[in-house]
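Novice: The following block contains the structure, expressed as structure tokens.
2 protein chains.
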Amino acid sequence: MAPRTCSMANALEVVGERWSLLALREVFFGNTRFDQIAANTGASRDVLAARLKKLVAAGVLEKRPYSDHPPRHEYHLTEAGRALHNVMLLLKEWGDAYVTEGPLPLVWEHSCGHVLQPRVVCASCGEEATPESLTPAPIPAAS
Amino acid sequence: MAPRTCSMANALEVVGERWSLLALREVFFGNTRFDQIAANTGASRDVLAARLKKLVAAGVLEKRPYSDHPPRHEYHLTEAGRALHNVMLLLKEWGDAYVTEGPLPLVWEHSCGHVLQPRVVCASCGEEATPESLTPAPIPAAS
DNA sequence: TACGGTGAGTTGGAAATTCAAACTCAGGAG
DNA sequence: CTCCTGAGTTTGAATTTCCAACTCACCGTA
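Structure representation (structure tokens):
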């Protein structure tokens, strides 16, 4: 049987390899340079170079020069890259809840003044999107 | 420099390897047996066996016997496993938006009757959790 | 002009992982 | 008996990863 076609699998093709999401985390934190990303993630330089190249090719990051004459550049998030924010947020939340031991390394405060506890809700009704609340909709048939 | 300590990285240690999230997807879909998971993900059997073992050890899945005499078992989600639902939902959503080409392989309908468009919101105020709406809170200091 | 330093990678070889296919093992089914 | 199923193991080759060292372009400085 052929493996299931699935957008989650497609997403993982792009950002699912080791180091990719950690590199993106660093860019979110404003560490946009190769050496910063390497140091903060712990990825080896060759693998990191490959991952960054792939993320740029996939349109998740873009390479932006910040100096011409020593030719230097930083990595910046594209719209697609920025859209990964909530994925990373929830992954962190899950790690907080089920993996990390001892004090949490990072806690986000929302602009409302409370510590952020993320919830995933339906944009239409505002109710939480639990596994039980979802059913597969008829797919838009292919030709 | 030591790599950043980070709950997202911890989460990825547990579920970030190739095939792990795809295996969990299958269990969410009710395909709880080894051969089903192998067929629907496309993972090779040895790697899949290793991943399932790790997920069980990490408390994300549990092995539950469904027959004693030919000793057989299925994999079931633990609470930690069920909590990954929203991570997978958002990853799928990102794949839908930025990777998958052509018709979407799967669309969820929420119990309110609308096609699900997931939003991540702050549990306290209900407003969306955007990158700009978050600031790092002072960490609970370690000893 | 020579010397060292920085940013952003490449290169090389050993070590670890993955892949696919074949094999095992326990227990029915015909 | 012999074949089949479920749930993995085993095997050997092909890939990837790891780490350290190297490169290359340029700048500062002495």
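From first to last, the protein sequence lines are chains A and B. Start counting the first sequence at 1; every next residue gets the next number (full-length UniProt numbering). Start counting the second sequence at 1; every next residue gets the next number (full-length UniProt numbering). C-beta atoms are modelled at their ideal positions from N, C-alpha and C, and glycine is treated no differently. Quantities reported herein were computed from a predicted structural model and do not represent experimental measurements.
1. Could you work out which residues of chain B lie near A:ALA50, taking near to mean beta carbons separated by less than 8 Å?
2. Is A:THR5 closer than 8 Å to A:HIS76 when the C-beta atoms are compared?
3. In this structure, what does DSSP give as the bridge partners for A:LEU61?
4. Under three-state DSSP, which class holds B:VAL15?
5. Any idea what DSSP makes of B:ALA123, helix, strand or coil?
6. Could you spell out the range, first to last residue, of the beta strand (DSSP E) harbouring B:HIS69?
7. DSSP three-state call for B:GLU101: helix, strand or coil?
8. So who's on the other strand from B:PRO136, going by DSSP bridges?
9. Where do the N-terminal and C-terminal ends of the alpha helix (DSSP H) with B:LEU21 fall, by residue?
10. Helix, strand or coil for B:PRO131 per DSSP?
11. Taking the alpha-carbon of A:HIS85 as reference, which of B:LEU84, B:GLY81, B:LEU90 and B:HIS85 has the nearest alpha-carbon?
12. Could you tell me whether the region 61-79 of chain A touches the region 11-29 of chain A, using the rule of 3 or more Cβ pairs below 8 Å?
13. Using a C-beta to C-beta distance shorter than 8 Å, which residues of chain B count as neighbours of A:ASP96?
14. Should B:ALA49 go down as buried or exposed, given a rule of 16 or more other Cβ atoms within 10 Å for buried?
15. Going by the C-beta, is A:HIS69 closer than 7 Å to any heavy atom of the ligand PLP?
16. Could you tell me how far apart the beta carbons of residue 154 of chain A and B:ARG119 are, in whole angstroms, since I believe they sit closer than 8 Å?
17. Got a sec, what are the start and stop residues for the alpha helix (DSSP H) A:THR5 sits in?
18. I need the straight-line Cα distance from A:GLU109 to B:PRO138, nearest angstrom please.
19. Does chain A have any CB closer than 8 Å to the CB of B:PRO105?
20. Hey, out of A:VAL14, A:TRP19 and A:ALA9, whose CA is closest to B:ALA9's CA?
21. Nearest-angstrom Cα distance between A:LEU134 and A:PRO65?
22. A:SER44: buried (16+ other C-beta within 10 angstroms of its C-beta) or exposed?
23. Quick one: what's A:VAL87 bridged to in DSSP?
24. Hey, could you find the ends of the alpha helix (DSSP H) B:GLN36 is sitting in?
Specialist: Based on what the coordinates show:
1. One-based indexing of the first sequence puts residue 50 of chain A at position 50. Ordered by position in chain B, no residue passes the 8 Å Cβ test against A:ALA50, which lies about 15 Å from the chain.
2. Your numbering for residue 76 of chain A matches position 76 in the first sequence. Your numbering for residue 5 of chain A matches position 5 in the first sequence. Result no, Cβ atoms of A:HIS76 and A:THR5 do not sit closer than 8 Å.
3. Here residue 61 of chain A refers to the residue found at position 61 when the first sequence is read from its first residue. Partner(s): A:LEU77.
4. Here the question's residue 15 of chain B lines up with position 15 in the second sequence. Note: B:VAL15 maps to helix in three-state DSSP.
5. Counting from one through the second sequence, the residue named residue 123 of chain B turns up at place 123. Looking at B:ALA123 - three-state DSSP - the assignment turns out to be coil, as it is neither helix nor strand.
6. What you label residue 69 of chain B is simply residue 69 of the second sequence in a count that begins at 1. Here B:HIS69 belongs to no beta strand (DSSP E), and DSSP marks it neither H nor E.
7. Stepping through the second sequence from its first residue, residue 101 of chain B is reached at position 101. B:GLU101: coil per DSSP, three-state reduction.
8. In the second sequence, counting from the first residue as 1, residue 136 of chain B sits at position 136. Per DSSP, A:TRP108.
9. In the second sequence, residue 21 of chain B corresponds to position 21, counting from 1. Unbroken alpha helix (DSSP H) run through B:LEU21: 20-28.
10. Within the second sequence, residue 131 of chain B is the residue found at index 131, counting from 1. In this structure, B:PRO131 counts as helix in the three-state DSSP scheme.
11. Taking the first sequence and counting its residues from 1, one reaches residue 85 of chain A at position 85. For the residues B:LEU84, B:GLY81, B:LEU90 and B:HIS85, the minimum Cα distance to A:HIS85 belongs to B:LEU90.
12. yes
13. The count along the first sequence starts at 1 and reaches residue 96 of chain A at position 96. Here the neighbours are SER7.
14. As a position in the second sequence, residue 49 of chain B is number 49, starting the count at 1. Counting Cβ neighbours within 10 Å, B:ALA49 comes out exposed, since fewer than 16 surround it.
15. This structure lacks the ligand PLP; in fact it carries no ligand of any kind.
16. Within the shown structure, residues of chain A are numbered from 1 to 143, placing residue 154 of chain A beyond reach of any answer.
17. Locating residue 5 of chain A in the first sequence gives position 5, where the first residue counts as 1. First-last for A:THR5: undefined, no H or E at that position.
18. The count along the first sequence starts at 1 and reaches residue 109 of chain A at position 109. The count along the second sequence starts at 1 and reaches residue 138 of chain B at position 138. Their Cα atoms are separated by approximately 9 Å.
19. If you number the second sequence from 1, residue 105 of chain B lands on position 105. For B:PRO105, the answer is yes, since a Cβ of chain A falls inside 8 Å of its Cβ.
20. Against the second sequence, residue 9 of chain B aligns to sequence position 9. Answer by Cα proximity: A:TRP19.
21. The residue given as residue 134 of chain A occupies position 134 in the first sequence. The residue given as residue 65 of chain A occupies position 65 in the first sequence. So the alpha carbons of these two residues sit roughly 45 Å apart.
22. For the purposes of this step, residue 44 of chain A is taken as the residue at position 44 of the first sequence. With fewer than 16 Cβ atoms within 10 Å of its Cβ, A:SER44 is classed as exposed.
23. Mapped onto the first sequence, residue 87 of chain A falls at position 87. Its beta-bridge partners do not exist; DSSP assigns none.
24. Here residue 36 of chain B is taken as the residue at index 36 of the second sequence, counted from 1. Start and end: 34-41.
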